[in-house]
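A.B. asks: Starting off with a structure, shown below.
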Amino acid sequence: MNDNSKINLHLDHAASFIAGLASRDITSFVISPGARSTLLTLSALRSKVPTHTIIDERSAAFFALGQSRASGKPAVLICTSGTAGAHYLPALMEAKKSHIPLIAVTADRPWEEQERGASQTAFQHRLFGEHVNAYLELGEPFKGSEQYAESIALKSVFTSLYPCKGPVHVNTRIRKPLHPIGSDNFLVQGSPLPATLSNWPPSGFSTPVIKAEKKQIATLIELIQNSENGFIISGPLPHDQDRFKLGNQLSKLSDLLNYTIISDFTGASKPAKFSGNFISNGSALFLSEQIKNIPIPQIIIEINSPLISSGYRQFIYDNPSIPRVIITQSNWIDEHGNAAMIIIGDVSLNIKELILQAKTLKKPKNRSLKTFKKLDSIVKDVHTKLSHTNFTHINAARTLSQCTKGTALITANSMTIRDISVYGDYVESKKVFHQRGLAGIDGLISGAAGTAMYLNAPVILAIGDVSAFHDAGGFALLSLLNTPLAVVILNNYGGRIFEQLPAGKIEQINVEIQESFITTPNISFKELASAYKINYTDVSDRNSMKTEIQNALKNNYATVIEAKILID
176 MNDNSKINLH
186 LDHAASFIAG
196 LASRDITSFV
206 ISPGARSTLL
216 TLSALRSKVP
226 THTIIDERSA
236 AFFALGQSRA
246 SGKPAVLICT
256 SGTAGAHYLP
266 ALMEAKKSHI
276 PLIAVTADRP
286 WEEQERGASQ
296 TAFQHRLFGE
306 HVNAYLELGE
316 PFKGSEQYAE
326 SIALKSVFTS
336 LYPCKGPVHV
346 NTRIRKPLHP
356 IGSDNFLVQG
366 SPLPATLSNW
376 PPSGFSTPVI
386 KAEKKQIATL
396 IELIQNSENG
406 FIISGPLPHD
416 QDRFKLGNQL
426 SKLSDLLNYT
436 IISDFTGASK
446 PAKFSGNFIS
456 NGSALFLSEQ
466 IKNIPIPQII
476 IEINSPLISS
486 GYRQFIYDNP
496 SIPRVIITQS
506 NWIDEHGNAA
516 MIIIGDVSLN
526 IKELILQAKT
536 LKKPKNRSLK
546 TFKKLDSIVK
556 DVHTKLSHTN
566 FTHINAARTL
576 SQCTKGTALI
586 TANSMTIRDI
596 SVYGDYVESK
606 KVFHQRGLAG
616 IDGLISGAAG
626 TAMYLNAPVI
636 LAIGDVSAFH
646 DAGGFALLSL
656 LNTPLAVVIL
666 NNYGGRIFEQ
676 LPAGKIEQIN
686 VEIQESFITT
696 PNISFKELAS
706 AYKINYTDVS
716 DRNSMKTEIQ
726 NALKNNYATV
736 IEAKILID
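Sequence positions in the sequence shown follow this note's numbering and run 176 to 743.
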């Protein structure tokens, strides 16, 4: 019999906390099993929220990151004490910089066991430092602590969403979880929510929307009024922004101002019926030396983030007198430190207000039309000059971009995202996911598995060989999928981005660069896929690459496609 005198305090505490999380719109529980976190795990499994069990905490964290990135809602990680939680750090760092909601729950030992040499005991207080939005202690249970535990759960969800989306760490101290306190049947309770709490309504909260003041937009209008020739730059979007909706908004703004929109595939998408000034290959544009010959814009309006282009950064560096106005969602983005204005808040609402106020302006002469035509010809010239008949990274990137209709595209960092930005054709994916918060190469396969499982729709992951090798453990998660995911490994045998850097072009140190930086993975992706019973194929030309990607997207499982690229 389980009455108030025999309630297991730890179980009720853990169950109330999990029930509080489950009462909100969270994405999933991602569990890495361990003894100290047993009660949290049992309560999560008894909830109605989807649960995923992943042994490797590092893969689990990136899997959860992929789930949250696709859903815009926090996934909840659960692990045991000791070193387990430390494996979450890379994914939490990315979540913090990319503004992706995530909740990491780490089980811990009680205070009296700290600093005494107790096994599997580490100082987990603020384990993730500044890389989380908030650190919360669930604390130890006491009689009547159930409502307190639920309130911590609600606060963890809230602080993962506001004022900026990001990760939250909840540390919970548990004493010998398999030893009941006053009860001998606590493990067989059928509900995660104690009877005493079953009638509690979940506490409510709302997350405010930040919007710029109208007078701040009016100040921008004054800048625009005296600037007939301008650029609207659209770089990588936060994952909760719709690239097509933003493209429509920017097109309306461009019509009013006669400014040229310069985007890449991670930014705003060009509307199908828009015939105005829209460049979809901005990275290719700033790669060309001809960019120095165009009329200098009198203003630049950056939406969200700058382009993924060292050429664009050099252009800004070479032209510091151009007023730059940055319209961004929730963080301070000013790499050069010389922005004329930074407008922080809901991007869609602030552009809507900008469009409204821009209607009062006298439409300027279309000076920028000639500039736009020149810019467009530069992009076409870059593509023509760099086009090859051989199966190089250029043609591989272009081919991959041609397979994106009806899919979500996830792209790795390093050369992969740059190649698609510069050489790719128009990317038709409605959703484009990237890991540009810290631009790391880790956890990308695990993250793609999480995204694909959540979306349950065709997904392409474009990833380099070094990045794929770096997340070899993620192959275990690919075997769990029953949804189409094409993992396209662009194998250039060692990651060639270092050859593109200034140091890689110095002949005297080229041998050292080759030996230490061209890190060809000593692994067979075919055998790795076989070990996990994952479908595998390799390609070495454009036609077979396109065919295999299209075939992979028809299957309800993951397929690894290794594109063996000719080194040029």
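The beta carbon of each residue, even a glycine, is placed where N, CA and C say it ideally should be. Here the structure is a predicted model, which is why all the values come from computation and not from measurement.
1) Given this structure, state the Cα-to-Cα distance separating Ile740 from Ile724, to the nearest angstrom.
2) Alpha carbons only, please: which of Met268, Gly260 and Leu277 is nearest the one belonging to Val251?
3) Would you list the one or two residues that DSSP bridges to Phe608?
4) Thinking Thr503 and Ile519 are a contact (beta carbons under 8 Å), I'd like their distance in whole angstroms, please.
5) So, are the CB atoms of Phe608 and Ile664 less than 7 Å apart?
6) So what does DSSP say about Tyr423, is it helix, strand or coil?
7) Who are the near neighbours of Lys549 in its chain, counting only those whose CB is closer than 7 Å to its CB and skipping five residues on each side?
8) So, Ser621 versus Gly599, is the Cβ gap smaller than 7 Å?
9) List the DSSP bridge partners of Leu311.
10) Give me the residue from Leu531, Leu703 and Leu412 with the minimum Cα distance to Ala393.
11) Evaluate the contact criterion for the region 334-345 versus the region 266-277: three or more CB pairs, one atom per stretch, below 8 Å.
12) How many angstroms separate the CA atom of Val602 from the CA atom of Ile553?
13) Please return the same chain residues whose Cβ sits closer than 6 Å to the Cβ of Gln364, not counting the five positions on each side in sequence.
14) Quick one: Cα of Tyr732 to Cα of Arg199, how far?
15) Over the uninterrupted alpha helix (DSSP H) stretch that includes Arg233, give me the two end residues.
16) I'd like to confirm the pairing. Which residues does DSSP put opposite Thr441 in its beta bridges?
17) Quickly, what does DSSP pair Ala637 with across the bridge? List them, please.
18) What residue range does the alpha helix (DSSP H) around Phe449 cover?
19) Assuming the contact rule is C-beta atoms closer than 8 Å, Leu630 and Phe238 should be a hit. Round their C-beta distance to whole Å, please.
20) Looking at Phe461: is its Cβ nearer than 7 Å to the Cβ of Gly442?
21) Just mark Ala427 as buried or exposed, buried being the case when its beta carbon has 16 or more other beta carbons within 10 Å.
22) Give a yes or no on whether the C-beta atoms belonging to Arg186 and Leu214 are separated by under 7 Å.
23) Could you name the residues of the same chain whose beta carbon sits closer than 6 Å to that of Arg350, not counting the 5 residues immediately before and after it, in chain order?
24) With 16 other CB atoms within 10 Å as the buried threshold, where does Asn666 fall?
25) With which residues is Ile206 paired in a DSSP beta bridge?
26) Tell me which same chain residues have a C-beta within less than 6 Å of the C-beta of Asn374, skipping the five on either side of it?
27) May I ask which residues mark the beginning and end of the alpha helix (DSSP H) holding Gly457?
28) Kindly indicate which three-state DSSP category Ser381 falls into: helix, strand or coil?
29) Count the other C-beta atoms from every protein chain shown that fall within 10 angstroms of the C-beta of Asn346, then say buried if there are 16 or more, exposed otherwise.
30) Where does Ile709 fall in DSSP's three states?
31) Report all residues from its chain with a CB closer than 6 Å to the CB of Ser366; omit the five preceding and five following residues, and keep chain order.
32) Are Ile253 and Ile201 closer than 7 Å when you measure CB to CB?
33) By the three-class DSSP mapping on this structure, what secondary structure does Ser304 have?
34) When every heavy atom of the ligand MN is checked, does at least one fall within less than 6 Å of the C-beta of Ile501?
35) Let me make sure I understand the geometry here. Which of Leu636, Ile709 and Gly618 has the alpha-carbon closest to that of Asn657?
36) Residues in its own chain within less than 7 Å of Glu315 by CB, not counting five upstream and five downstream?
C.D. replies: In this structure, then:
1) Here residue 740 refers to the residue found at position 565 of the sequence shown. Here residue 724 refers to the residue found at position 549 of the sequence shown. Rounded to whole angstroms, Ile740 to Ile724 spans 16 Å at the Cα level.
2) To locate residue 251, count along the sequence shown from 1; it is residue 76. When only C-alpha atoms are compared, the closest one is Leu277.
3) For the purposes of this step, residue 608 is taken as residue 433 along the sequence shown, with counting starting at 1. According to DSSP, which records beta bridges pairwise, Phe608 is partnered with Ile585.
4) The count along the sequence shown starts at 1 and reaches residue 503 at position 328. The count along the sequence shown starts at 1 and reaches residue 519 at position 344. Indeed, because the Cβ distance is near 6 Å, the residues count as touching under 8 Å.
5) Taking the sequence shown and counting its residues from 1, one reaches residue 608 at position 433. Taking the sequence shown and counting its residues from 1, one reaches residue 664 at position 489. Phe608 places its beta carbon 7 Å or farther from that of Ile664.
6) In the sequence shown, the residue the question calls residue 423 occupies position 248. Checking the sequence shown, residue 423 turns out to be Asn, not Tyr. Three-state DSSP puts Asn423 in a helix.
7) One-based indexing of the sequence shown puts residue 549 at position 374. Within the same chain, Lys549 has close Cβ partners Ile469.
8) If you number the sequence shown from 1, residue 621 lands on position 446. If you number the sequence shown from 1, residue 599 lands on position 424. Cβ atoms of Ser621 and Gly599: not closer than 7 Å.
9) Taking the first residue of the sequence shown as position 1, residue 311 is located at position 136. Val345.
10) Within the sequence shown, the letter at position 218 stands for residue 393. The shortest Cα separation from Ala393 among Leu531, Leu703 and Leu412 belongs to Leu531.
11) yes
12) Here residue 602 refers to the residue found at position 427 when the sequence shown is read from its first residue. Here residue 553 refers to the residue found at position 378 when the sequence shown is read from its first residue. Taking the straight line from one Cα to the other gives about 19 Å.
13) Locating residue 364 in the sequence shown gives position 189, counting from the first residue. At Gln364 the pLDDT is 49, less than 50, meaning the model places this residue with poor confidence and gives no usable figure here.
14) Looking up residue 732 in the sequence shown gives position 557. Looking up residue 199 in the sequence shown gives position 24. Whole-angstrom Cα-Cα distance: 30 Å.
15) Working through the sequence shown from its first residue, we reach residue 233 at position 58. Looking at the DSSP string, the run of the alpha helix (DSSP H) that includes Arg233 is Glu232 to Ser246.
16) As a working note, residue 441 is residue 266 in the sequence shown. Thr441 is not bridged to any residue.
17) Mapped onto the sequence shown, residue 637 falls at position 462. Bridge partners of Ala637: Thr586 and Val663.
18) For the purposes of this step, residue 449 is taken as residue 274 along the sequence shown, with counting starting at 1. It is not in any alpha helix (DSSP H) - Phe449 carries neither H nor E in the DSSP assignment.
19) What you label residue 630 is simply residue 455 of the sequence shown in a count that begins at 1. What you label residue 238 is simply residue 63 of the sequence shown in a count that begins at 1. In fact, because the Cβ distance is near 13 Å, the residues do not count as touching under 8 Å.
20) Numbered from its first residue, the sequence shown carries residue 461 at position 286. Numbered from its first residue, the sequence shown carries residue 442 at position 267. Contact: no.
21) The count along the sequence shown starts at 1 and reaches residue 427 at position 252. Per the sequence shown, residue 427 should be read as Lys rather than Ala. So Lys427 ends up on the buried side.
22) The residue you call residue 186 lines up with position 11 of the sequence shown. The residue you call residue 214 lines up with position 39 of the sequence shown. Reading off the sequence shown, one finds Leu at residue 186, where the question assumed Arg. Yes.
23) The residue labelled residue 350 in the question sits at position 175 within the sequence shown. For Arg350, where only same-chain residues beyond five positions count, the Cβ hits under 6 Å are Pro285.
24) The count along the sequence shown starts at 1 and reaches residue 666 at position 491. Buried.
25) In the sequence shown, residue 206 corresponds to position 31, counting from 1. The partner list for Ile206 (beta bridge, DSSP) reads Thr228 and Ile253.
26) The residue given as residue 374 occupies position 199 in the sequence shown. Confidence at Asn374 is low in this model, with a pLDDT of 47, below 50, so its placement is unreliable and the value that follows should be read with caution. Here Asn374 has no same chain residue with a Cβ atom under 6 Å from its own Cβ, once five neighbours each way along the sequence are excluded.
27) If you number the sequence shown from 1, residue 457 lands on position 282. From DSSP, the alpha helix (DSSP H) with Gly457 extends over Gly457 to Leu462.
28) As a first step, residue 381 must be located in the sequence shown, where it is residue number 206. The answer is coil: DSSP assigns Ser381 none of H, G, I, E or B.
29) Here residue 346 refers to the residue found at position 171 of the sequence shown. Flag for Asn346 reads buried.
30) For the purposes of this step, residue 709 is taken as residue 534 along the sequence shown, with counting starting at 1. Of the three classes helix, strand and coil, the one that applies to Ile709 here is coil, per DSSP.
31) On the sequence shown, residue 366 is found 191 positions in, with the first residue counted as 1. With a pLDDT of only 46 at Ser366, under the threshold of 50, the placement of this residue in the model should not be trusted; the figure read from the coordinates follows. There are no such residues.
32) For the purposes of this step, residue 253 is taken as the residue at position 78 of the sequence shown. For the purposes of this step, residue 201 is taken as the residue at position 26 of the sequence shown. In this structure, Ile201 does not lie closer than 7 Å to Ile253 by Cβ.
33) Locating residue 304 in the sequence shown gives position 129, counting from the first residue. The sequence given here has Gly at residue 304, not Ser. In this structure, Gly304 counts as helix in the three-state DSSP scheme.
34) Summarising the ligand content, the structure contains no ligands, and the ligand MN is consequently not present.
35) Position 482 of the sequence shown, counted from the start, is the residue given in the question as residue 657. For the residues Leu636, Ile709 and Gly618, the minimum Cα distance to Asn657 belongs to Ile709.
36) As a first step, residue 315 must be located in the sequence shown, where it is residue number 140. Closer than 7 Å at Cβ, skipping near neighbours: Pro285 and Arg348.
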